[in-house]
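J.: Handing you this structure, nothing more for now.
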Amino acid sequence: AQSVTQLDSHVSVSEGTPVLLRCNYSSSYSPSLFWYVQHPNKGLQLLLKYTSAATLVKGINGFEAEFKKSETSFHLTKPSAHMSDAAEYFCVVSDTGGNMLTFGGGTRLMVKP
Amino acid sequence: GAVVSQHPSWVICKSGTSVKIECRSLDFQATTMFWYRQFPKQSLMLMATSNEGSKATYEQGVEKDKFLINHASLTLSTLTVTSAHPEDSSFYICSAQNRLAGLTEQYFGPGTRLTVT
């Protein structure tokens with residue numbers, strides 16, 4: 010069984026300040042982990058993924074995430090928020106076959122000017 | 002590469018009618034397609050998994066006779082919501098996977114917003 014918990018349903022930051030979106034997971038095997046972004050009324054865009062290679066994963070648009078097995082965490086960070094980063098973010102855990110994706114509840118990121 | 006489209010992007014239908022949503026993989030063969038449902042301000046929930054040429058596998062609680070899924074080719078899957086009711090109003094998202102190529106990543110379509118009046 011696998012599960013994902015996004016610790017914050019809403020995060021508000023000022024433009025130019027760092028972003029931290031928290032994600033904890035549980036899995037009975039070595040998981041693959043993803044972060045997706047969803048803009049209003051749009052589909053999902055993959056930001057980055059971890060598949061048992063380097064624990065620090067760099068994604069698009071300046072985002073990165075660090076896989077910490079001891080903490081079962083996969084937090085998403087960005088050094089400096091842009092207004093265009095305002096969206097819903099989903100942390101996702103997958104089984105090794107990529108067939109069963111389990112989504113976290115989502116975190117809505119708001120960026121203030 | 003790995004583009005998935007959905008049509009229509011939004012649809013409004015009357016209660017009791019049926020509506021079909023198409024999911025297409027534009028530049029790769031999708032051996033497996035997944036259909037998700039997303040209620041407002043909520044996360045995605047997997048409805049069903051379909052393999053090309055086979056019957057879809059539905060998740061617990063999803064009515065297979067109401068949500069008809071067809072995956073007749075390696076580039077097209079359809080979801081038909083039969084006898085739609087207002088509670089079926091939702092955002093439906095498909096994803097596609099190419100297991101033949103040994104790829105496990107799912108590529109998502111842009112979603113279809115269904116409103117049943």
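Line order of the protein sequences matches chains A and B.
Per my numbering, residue 10 is the first one in the first sequence, and the count goes up by one each step.
Per my numbering, residue 2 is the first one in the second sequence, and the count goes up by one each step.
C-beta: ideal position from N, C-alpha, C; glycine also.
(1) Taking residue 40(B) as the query, report the chain A residues whose CB atoms sit under 7 Å from its CB, ordered along the chain.
(2) If we count Cβ pairs, one from each stretch, closer than 8 Å, do we get three or more for the stretch 25–45 of chain A versus the stretch 3–11 of chain B?
(3) Counting C-beta neighbours from all protein chains within 10 Å, is the total for residue 93(B) 16 or more, i.e. buried, or is it exposed?
(4) Strictly under 8 Å for the Cβ-Cβ distance: is residue 19(B) near chain A by that measure?
(5) Should residue 116(A) and residue 18(A) be called a contact, given that it needs their Cβ atoms to be closer than 8 Å?
(6) Contact check, residue 81(A) vs residue 39(A) under 8 Å by CB: the rounded distance?
(7) If you count every other CB in all the chains shown that lies within 10 Å of the CB of residue 61(B), and 16 or more means buried, which is it?
(8) Taking residue 34(B) as the reference, which of 117(B), 97(B), 109(B) and 108(B) has the closest Cα?
(9) What residues in its chain sit with their C-beta under 6 Å from that of residue 114(A), if we drop five residues either side in the sequence?
(10) Strictly under 8 Å for the Cβ-Cβ distance: is residue 107(B) near chain C by that measure?
T.: Let's see:
(1) Under the 7 Å cutoff, chain A gives no residues; its nearest Cβ is about 11 Å from residue 40(B).
(2) no
(3) buried
(4) no
(5) yes
(6) Contact doesn't hold; Cβ gap of about 12 Å is too wide.
(7) exposed
(8) 97(B)
(9) 15
(10) Here chain C cannot be found, since the structure's protein chains are A and B.
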